[in-house]
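Scroll down for the structure; my scribbles are underneath it.
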Amino acid sequence: MKTITLLAVAAMLLLEVFGPTASVGGSMSFMLVFVVVMLAVAIYEAWSNKRGVTGWIVNLFASIVGGLTAVALIGMAMEAVLPYLRLEGSLASSQHPLKYVVVAAMAIFMVLGSWIPLLVLNRLR
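The number in my numbering is simply the position in the sequence shown, starting from 1, with 790 added.
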């Protein structure tokens, strides 16, 4: 899981630095990374615990729901915090170091959001 988290943070930071900055291209690139990371978490957990077909499907569903929930909660938290930062313009347009911290934190919380429902399901099995 540590490897998936490190790769997710690296991919998000590299995408932020070198990726497309257009409105549609940037958002779609981030979403592609989100989907790949959520699938990697689900596949890793299903493979390591030798799940059957039903277990793989349940893992994929739980991981995607948890990851998307985490991304939505992070978005709401950022909307609440941004007015207090007193930035001149948007965070995306500024080259403030906080932008990169937020991107790395988003990757970490997205992996956690994908992984925590799987831990809960393992307790229920």
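Just so you know, even glycine gets a beta-carbon here, dropped at the ideal spot from N, CA and C.
Check, Outcome
"Glu-878 in three-state terms, based on DSSP", "coil"
"Contact check, Ala-860 vs Met-802, beta carbons under 8 Å", "no"
"Reduced DSSP category for Ser-884 - H, G, I as helix; E, B as strand; rest coil", "coil"
"Enclosing alpha helix (DSSP H) for Leu-872 [first to last residue]", "Segment: none, Leu-872 is in no alpha helix (DSSP H) and carries neither H nor E."
"Where Gly-816 falls: helix, strand or coil (DSSP)", "helix"
"Short Cβ contact (8 Å threshold) for Val-831 with Ile-864", "no"
"Pairwise C-alpha distance: Ile-854 and Val-825", "8 Å"
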